[in-house]
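Participant: Those letters in the sequence shown? Residues 23 to 426, per the numbering used here, in order.
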Amino acid sequence: MKYIIILGDGMADEPIDMLGGKTPLQAADKPAIDWLAAHGRSGMLATVPSGFAPGSEIANLSVLGYDVPKVFEGRGSLEAASMGIPIEEGEMAMRCNLITIEDGKIKNHSAGHISNEEAAQLIEFLQQELGGGDVNFFPGVSYRHLLKLKGGSKRIITTPPHDVPGTPYKEVLVRPADASGEATAKRLNELIERSQELLANHPVNLARKAQGKDPANSIWPWSPGYRPQMETLMSRYGIKNGVVISAVDLIKGIGVYAGLTPIEVEGATGLYDTNYEGKAQAATDALKTHDFVFLHIEASDEAGHEGDVALKVRTIEYLDHRVVRPILEEVSKWAEPVSIAVLPDHPTPCKLRTHTSAPIPFVIYRTNESGDDVQVFDEFAARKGSYGNLSGDQFMECFIQREK
Ligand SMILES: [Zn+2]
Numbered sequence: 023m024k025y026i027i028i029l030g031d032g033m034a035d036e037p038i039d040m041l042g043g044k045t046p047l048q049a050a051d052k053p054a055i056d057w058l059a060a061h062g063r064s065g066m067l068a069t070v071p072s073g074f075a076p077g078s079e080i081a082n083l084s085v086l087g088y089d090v091p092k093v094f095e096g097r098g099s100l101e102a103a104s105m106g107i108p109i110e111e112g113e114m115a116m117r118c119n120l121i122t123i124e125d126g127k128i129k130n131h132s133a134g135h136i137s138n139e140e141a142a143q144l145i146e147f148l149q150q151e152l153g154g155g156d157v158n159f160f161p162g163v164s165y166r167h168l169l170k171l172k173g174g175s176k177r178i179i180t181t182p183p184h185d186v187p188g189t190p191y192k193e194v195l196v197r198p199a200d201a202s203g204e205a206t207a208k209r210l211n212e213l214i215e216r217s218q219e220l221l222a223n224h225p226v227n228l229a230r231k232a233q234g235k236d237p238a239n240s241i242w243p244w245s246p247g248y249r250p251q252m253e254t255l256m257s258r259y260g261i262k263n264g265v266v267i268s269a270v271d272l273i274k275g276i277g278v279y280a281g282l283t284p285i286e287v288e289g290a291t292g293l294y295d296t297n298y299e300g301k302a303q304a305a306t307d308a309l310k311t312h313d314f315v316f317l318h319i320e321a322s323d324e325a326g327h328e329g330d331v332a333l334k335v336r337t338i339e340y341l342d343h344r345v346v347r348p349i350l351e352e353v354s355k356w357a358e359p360v361s362i363a364v365l366p367d368h369p370t371p372c373k374l375r376t377h378t379s380a381p382i383p384f385v386i387y388r389t390n391e392s393g394d395d396v397q398v399f400d401e402f403a404a405r406k407g408s409y410g411n412l413s414g415d416q417f418m419e420c421f422i423q424r425e426k
């Protein structure tokens, strides 16, 4: 048996007036995904454990069967894996944004979506000036970078900068969660202040200001953690080997710790204009030589964040016509049976423009097995599915059929 999970990030939604009370999944023309529902078995899955915000990293860890409270060590550590940077014993990793501060307030969390090249110059400059001892900076993508702190304690409270635009930065500096986090909080706040002195007149920022762009005039470290202790999917589920295909570093990082090999697809953007056909092709190619493929497509989530209902419907139709259909057509010809799962990680309702923790619908279709009574794939139909209401690692337990 081979396995492929096709995950449409943030695809689930709520009924929307402009769709006549339907959800985007109900309104979209998606014959291939509905065919899977009609011939497979459906269910609902709770992907966000209580006490956790419904982030993609949390929901994707759950989908892959991980116990989130046990394994989650922050965004920085997951992105480090996708960047190929090991986290050693005694080190703490953090996501380190480049942000824009104006009149002492956080103007944005992304330094005006700074380019990779500009950001790399700034991060390398900070590494020269501040790095090398207990602190090391590593350049990532756009505003998303990595900071490692030797001897750092994760007993600190940090603030995601995208949650607090317009807030005076001094009000949301790092705080200790208890006495053991005091030294780390102090050190990180020193680094934030020092970065502001160093970045203020850096040539990259002077040039950005001259062009009317937001300067990257502060670092913002958040989401601390140590090296995740994640059992691989190979050891847990007896899978021989597998790949992860995603444009998103967080998801690739989860895949790496899960023991999956990341595959790069040219033109995979993480947006609605992504190379759907290329990702589908890469997935079926990988499935010929591997047991397990985790194919993640970000586009629907972005449409949800933009509150763009028509675009969200279109991203679901693209996923159907340009990803699910070609994969289904190809694997249906194979002698070896294949299990295909289609699901989102969490809802990103267009009305709210952010993630929610509501359970998501899923379908599992196996080329050698008959299905249940559910005929279409959406948030309501799946509630009548024969898998019922699952949570945590129960999805993977159902999806993977162990050798008897
Ligand atoms: Zn997501």
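Cβ coordinates follow ideal geometry from the N, Cα and C atoms, glycine included.
Mind listing, in chain order, the continuous alpha helix (DSSP H) runs of no fewer than 4 residues lying wholly within the segment 33 to 100?
Facilitator: Listed in chain order, the complete alpha helix (DSSP H) runs (minimum 4 residues) inside the segment 33 to 100 are 46 to 49, 53 to 61, 78 to 85, 90 to 93.
Participant: Mark lysine 426 as exposed unless 16 or more other C-beta atoms lie within 10 angstroms of its C-beta, in which case mark it buried.
Facilitator: For the purposes of this step, residue 426 is taken as residue 404 along the sequence shown, with counting starting at 1. No answer about lysine 426 holds up, because its pLDDT of 49 lies below 50 and its placement is not dependable.
Participant: On the criterion of 16 or more Cβ atoms from any shown chain inside 10 Å, does threonine 296 qualify as buried, or is it exposed?
Facilitator: Here the question's residue 296 lines up with position 274 in the sequence shown. With 16 or more Cβ atoms within 10 Å of its Cβ, threonine 296 is classed as buried.
Participant: Who are the near neighbours of isoleucine 136 in its chain, counting only those whose CB is closer than 7 Å to its CB and skipping five residues on each side?
Facilitator: Along the sequence shown, read from residue 1 onward, the residue named residue 136 stands at position 114. Answer for isoleucine 136: Leu120, Ser164, Tyr165, Ala238, listed in chain order.
Participant: Mind checking which residues open and close the alpha helix (DSSP H) that includes arginine 209?
Facilitator: Along the sequence shown, read from residue 1 onward, the residue named residue 209 stands at position 187. Where arginine 209 is concerned, the enclosing alpha helix (DSSP H) stretches over 204 to 221.
Participant: With DSSP as the reference, label cysteine 420 as helix, strand or coil.
Facilitator: Counted from its first residue, the sequence shown places residue 420 at position 398. Reduced to three states, the DSSP call for cysteine 420 is helix.
Participant: Valine 194 and threonine 181: beta carbons closer than 7 Å?
Facilitator: Translated into positions along the sequence shown, residue 194 becomes position 172. Translated into positions along the sequence shown, residue 181 becomes position 159. Result yes, Cβ atoms of valine 194 and threonine 181 sit closer than 7 Å.
Participant: So isoleucine 362 and isoleucine 38 are in contact, right, with Cβ under 8 Å, and what is the actual spacing, rounded?
Facilitator: Start at 1 with the first residue of the sequence shown, and residue 362 comes out as number 340. Start at 1 with the first residue of the sequence shown, and residue 38 comes out as number 16. Contact flag wrong, Cβ pair sits at about 28 Å.
Participant: Tell me the rounded alpha-carbon separation between histidine 224 and alanine 321.
Facilitator: Translated into the one-based positions of the sequence shown, residue 224 becomes position 202. Translated into the one-based positions of the sequence shown, residue 321 becomes position 299. Cα to Cα, the separation comes out at about 35 Å.
Participant: How many angstroms separate the CA atom of glycine 432 from the CA atom of aspartate 307?
Facilitator: As displayed, the chain neither begins before 23 nor continues past 426, which places residue 432 out of reach and without an answer.
Participant: Cβ of glycine 188 versus every heavy atom of ligand 1: is any distance shorter than 6 Å?
Facilitator: Your numbering for residue 188 matches position 166 in the sequence shown. No - ligand 1 has no heavy atom lying nearer than 6 Å to the Cβ of glycine 188.
Participant: Return the bridge partner residues of isoleucine 145 from the DSSP annotation.
Facilitator: For this step, residue 145 is matched to residue 123 along the sequence shown. Beta-bridge pairing links isoleucine 145 to no other residue.
Participant: Should arginine 388 be labelled buried (16 or more other beta-carbon atoms within 10 Å of its own) or exposed?
Facilitator: Taking the first residue of the sequence shown as position 1, residue 388 is located at position 366. The residue in question, arginine 388, is buried, as its Cβ has 16 or more Cβ neighbours within 10 Å.
Participant: Taking only the alpha-carbon atoms, compute the straight-line gap between glycine 260 and arginine 424 and give it to the nearest angstrom.
Facilitator: Along the sequence shown, read from residue 1 onward, the residue named residue 260 stands at position 238. Along the sequence shown, read from residue 1 onward, the residue named residue 424 stands at position 402. So the two alpha carbons sit approximately 7 Å from each other.
Participant: Please state whether the Cβ-Cβ distance between valine 266 and glycine 275 is less than 7 Å.
Facilitator: By one-based count along the sequence shown, residue 266 stands at place 244. By one-based count along the sequence shown, residue 275 stands at place 253. For valine 266 and glycine 275, no; Cβs fall outside 7 Å.
Participant: Taking C-alpha atoms, which residue in Ile123, Ser72, Ala60 lies nearest to valine 186?
Facilitator: Position 164 of the sequence shown, counted from the start, is the residue given in the question as residue 186. Comparing Cα-Cα distances from valine 186 to each of Ile123, Ser72, Ala60, the minimum goes to Ile123.
Participant: When you measure from the CB of glycine 277 to every non-hydrogen atom of ligand 2, does any distance come out below 6 Å?
Facilitator: Ligand 2 is absent from the structure shown, which contains only ligand 1.
Participant: Buried or exposed for glycine 505, please, with buried defined as at least 16 other CB atoms from any protein chain shown within 10 angstroms of its CB.
Facilitator: Nothing can be reported for residue 505, as the shown portion of the chain is limited to 23 through 426.
Participant: Check each candidate in Lys231, Gly326, Leu309 and name the one with the smallest Cα separation from threonine 378.
Facilitator: Locating residue 378 in the sequence shown gives position 356, where the first residue counts as 1. Checking every option, the nearest Cα to that of threonine 378 belongs to Gly326.
Participant: Could you please give me the residues that DSSP links to asparagine 130 through a beta bridge?
Facilitator: Along the sequence shown, read from residue 1 onward, the residue named residue 130 stands at position 108. Partner(s): Thr122.
Participant: To the nearest angstrom, how far is the alpha carbon of glutamate 101 from that of proline 243?
Facilitator: Along the sequence shown, read from residue 1 onward, the residue named residue 101 stands at position 79. Along the sequence shown, read from residue 1 onward, the residue named residue 243 stands at position 221. Rounded to the nearest angstrom, the two C-alpha atoms are 13 Å apart.
Participant: Could you check which residue in Asp35, Ser84, Pro76, Leu58 has the C-alpha nearest to that of leucine 255?
Facilitator: Taking the first residue of the sequence shown as position 1, residue 255 is located at position 233. That would be Ser84, whose Cα lies nearest to the Cα of leucine 255.
Participant: So glycine 414 is in the beta strand (DSSP E); what residue range does that whole segment cover?
Facilitator: Looking up residue 414 in the sequence shown gives position 392. Neither: glycine 414 is in no beta strand (DSSP E) and is coded neither H nor E.
Participant: If you scan the segment 234 to 313 from start to end, which runs of the alpha helix (DSSP H) of 4 or more residues do you find wholly inside it?
Facilitator: Segments of the alpha helix (DSSP H) lying fully in the segment 234 to 313: 255 to 259, 271 to 279, 298 to 311.
Participant: State the Cα-Cα distance for the pair tyrosine 409 and alanine 60, rounded to the nearest angstrom.
Facilitator: Translated into the one-based positions of the sequence shown, residue 409 becomes position 387. Translated into the one-based positions of the sequence shown, residue 60 becomes position 38. If you take the alpha carbons of tyrosine 409 and alanine 60, they lie about 14 Å apart.
Participant: Going by Cα to Cα distance, which pick from Glu151, Asp56, Lys208 is closest to phenylalanine 384?
Facilitator: Against the sequence shown, residue 384 aligns to sequence position 362. Of Glu151, Asp56, Lys208, the residue nearest in Cα terms is Asp56.
Participant: Would you tell me roughly how many angstroms separate the C-alpha atoms of lysine 301 and leucine 152, rounded to the nearest one?
Facilitator: Counting from one through the sequence shown, the residue named residue 301 turns up at place 279. Counting from one through the sequence shown, the residue named residue 152 turns up at place 130. Distance between the alpha carbons of lysine 301 and leucine 152: 40 Å.
Participant: Whole-angstrom Cβ separation of aspartate 35 and cysteine 372, contact assumed at under 8 Å?
Facilitator: Numbered from its first residue, the sequence shown carries residue 35 at position 13. Numbered from its first residue, the sequence shown carries residue 372 at position 350. That pair is a contact at about 6 Å.
Participant: Looking only at its chain, what residues have a beta carbon closer than 8 Å to the beta carbon of glutamate 204, apart from the 5 residues adjacent to it on each side?
Facilitator: Position 182 of the sequence shown, counting from 1, holds the residue named residue 204. Cβ neighbours of glutamate 204 beyond the five flanking positions: Pro198.
Participant: At 4 residues or longer, what runs of the alpha helix (DSSP H) sit wholly inside the segment 299 to 380?
Facilitator: List check, alpha helix (DSSP H) in window: 321 to 328, 331 to 341, 347 to 353.
Participant: Check each candidate in His368, Gly162, Arg249 and name the one with the smallest Cα separation from aspartate 271.
Facilitator: In the sequence shown, the residue the question calls residue 271 occupies position 249. Measuring from the Cα of aspartate 271, the nearest candidate turns out to be Gly162.
Participant: Three-state secondary structure (DSSP) at arginine 405?
Facilitator: Sequence index remark: in the sequence shown, residue 405 carries index 383 (1-based). Here arginine 405 sits in helix by DSSP.
Participant: What residue range does the beta strand (DSSP E) around arginine 177 cover?
Facilitator: Working through the sequence shown from its first residue, we reach residue 177 at position 155. Counting along the chain, arginine 177 falls outside any beta strand (DSSP E), and DSSP gives it neither H nor E.
Participant: Please name the residue, chosen from Tyr298, Val93, Gly264, Gly65, that lies closest to proline 71 on a Cα-to-Cα basis.
Facilitator: Here residue 71 corresponds to residue number 49 of the sequence shown, with the count starting at 1. Selected option, being the one with the closest Cα: Val93.
Participant: Looking at the secondary structure, which residues open and close the alpha helix (DSSP H) in which lysine 231 lies?
Facilitator: The count along the sequence shown starts at 1 and reaches residue 231 at position 209. Taken as a continuous stretch (DSSP letters only), the alpha helix (DSSP H) holding lysine 231 covers 225 to 232.
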